[in-house]
Amino acid sequence: MNMSSFILALKWLIANNVMLKFAPYSVRHWYLRRLGLQIGRDTSIATHCFITGSRIKIGNNTAINRFAYLDGRVPLYIGNNVNISHYSIIQTLTHDPQHPDFICLERPVAIMDHAWIGARVVILPGVTIGEGAVVAAGAIVTKDVAPYTIVGGNPARKIGERSRDLRYKTKYFPYFDTDVQ
């Protein structure tokens, strides 16, 4: 048994099954920072998220809603004023189905400022979501999304344009993660 791997796995067990389920924002964020995540000012990570790996950098005023899955085994960048909705999955690692050893393929993901990721979106490894882009609920994103573009579907395709006049700052800390502010 590799003791350092065991200890690290234990720390993530505590993160995902205690801190991300029961701890208040300040304690939750403190613990995740101790594991190596960079979390910006006025950013909220809601309860019941699941996080793997510490190669995650999140900007300021960003909201990660309940039951989101963040794969930080490969670099995952989430910018400022980003909204990631419930049950979204962001993957940075997959496997090569054609390789005889089923090797891992590692591809970083970037979600730029003012992007909005709808509920139950899946973002696959290697994708960049451009500034101000919107990914409609339920979309599966397999390719980069251009700035200020609205995409939806499986695979995600352009369905519209978003205004470039975005001034909002996300600050979302509902009481007890109830959506009551």
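The sequence shown begins at 70 in our numbering and counts up by one. Backbone N, C-alpha and C fix where the C-beta goes; we use that ideal spot for every residue, glycine too. Keep in mind the model is a prediction, meaning the values are calculated, not measured.
CB of residue i within 7 Å of CB of residue j, strictly
{"i": "Val204", "j": "Val220", "result": "yes"}
{"i": "Ala188", "j": "His155", "result": "yes"}
{"i": "Thr239", "j": "Asn134", "result": "no"}
{"i": "Pro224", "j": "Glu200", "result": "no"}
{"i": "Leu106", "j": "Ile125", "result": "yes"}
{"i": "His183", "j": "Leu145", "result": "no"}
{"i": "Val190", "j": "Ala202", "result": "no"}
{"i": "Lys90", "j": "Thr116", "result": "yes"}
{"i": "Ala206", "j": "Gly222", "result": "no"}
N-terminal and C-terminal residue of the beta strand (DSSP E) that residue i is part of
{"i": "Val220", "result": "Thr218 to Gly221"}
{"i": "Lys126", "result": "Ile125 to Ile127"}
{"i": "Tyr146", "result": "Leu145 to Ile147"}
{"i": "Ile27", "result": "Any question about residue 27 goes unanswered here, given that the chain covers just 70 to 250."}
{"i": "Leu235", "result": "Segment: none, Leu235 is in no beta strand (DSSP E) and carries neither H nor E."}
{"i": "Arg119", "result": "Looking at the sequence provided, one finds Phe at residue 119 rather than Arg. Run containing Phe119: Phe119 to Thr121, per the beta strand (DSSP E) assignment."}
{"i": "Thr163", "result": "Leu162 to His164"}
{"i": "Leu174", "result": "Cys173 to Glu175"}
Bounding residues of the alpha helix (DSSP H) (the contiguous stretch that carries residue i)
{"i": "Tyr138", "result": "Unbroken run through Tyr138 is the beta strand (DSSP E), Tyr138 to Asp140; no alpha helix (DSSP H)."}
{"i": "Val96", "result": "Tyr94 to Arg103"}
{"i": "Leu77", "result": "Met72 to Ile83"}
Local Cβ density within 10 Å of residue i, reported as buried at 16 or more and exposed below that
{"i": "Trp185", "result": "buried"}
{"i": "Asp140", "result": "buried"}
{"i": "Met181", "result": "buried"}
{"i": "Asn71", "result": "exposed"}
{"i": "Val249", "result": "exposed"}
{"i": "Ile172", "result": "exposed"}
{"i": "Pro166", "result": "exposed"}
Contacts around residue i, its chain only, beta-carbon distance under 8 Å, and the 5 residues preceding and following it disregarded
{"i": "Asn130", "result": "Gly109, Arg110, Asp111, Thr112, Asn149, Asn150, Lys238, Thr239 and Lys240"}
{"i": "Ile83", "result": "Tyr100"}
{"i": "Lys212", "result": "Val196, Pro224 and Ala225"}
{"i": "Val96", "result": "Met88"}
{"i": "Ser123", "result": "Leu104, Gly105, Leu106 and Gly141"}
Cutoff 6 Å; reference residue i; Cβ partners in own chain excluding five residues on either side
{"i": "Tyr138", "result": "Phe119 and Ile158"}
{"i": "Val143", "result": "Thr161, Leu162, Glu175 and Pro177"}
{"i": "Lys227", "result": "Thr218 and Val220"}
{"i": "Gly229", "result": "Ile219"}
{"i": "Ile127", "result": "Ile108, Gly109, Thr112 and Ile147"}
According to DSSP, residues forming a beta bridge with residue i
{"i": "Trp185", "result": "Asn152 and Val203"}
{"i": "Val196", "result": "DSSP lists no partner for Val196."}
{"i": "Lys227", "result": "Val220"}
{"i": "Ser113", "result": "Ala132"}
{"i": "Val214", "result": "Ile198"}
Chain D within 7 Å of residue i, Cβ atoms only
{"i": "Leu145", "result": "Within the model displayed, chain D is absent; a lone protein chain is all it includes."}
Sequence-distant residues of the same chain with beta carbon closer than 7 Å to residue i, five excluded per side
{"i": "His98", "result": "Ile108 and Ile114"}
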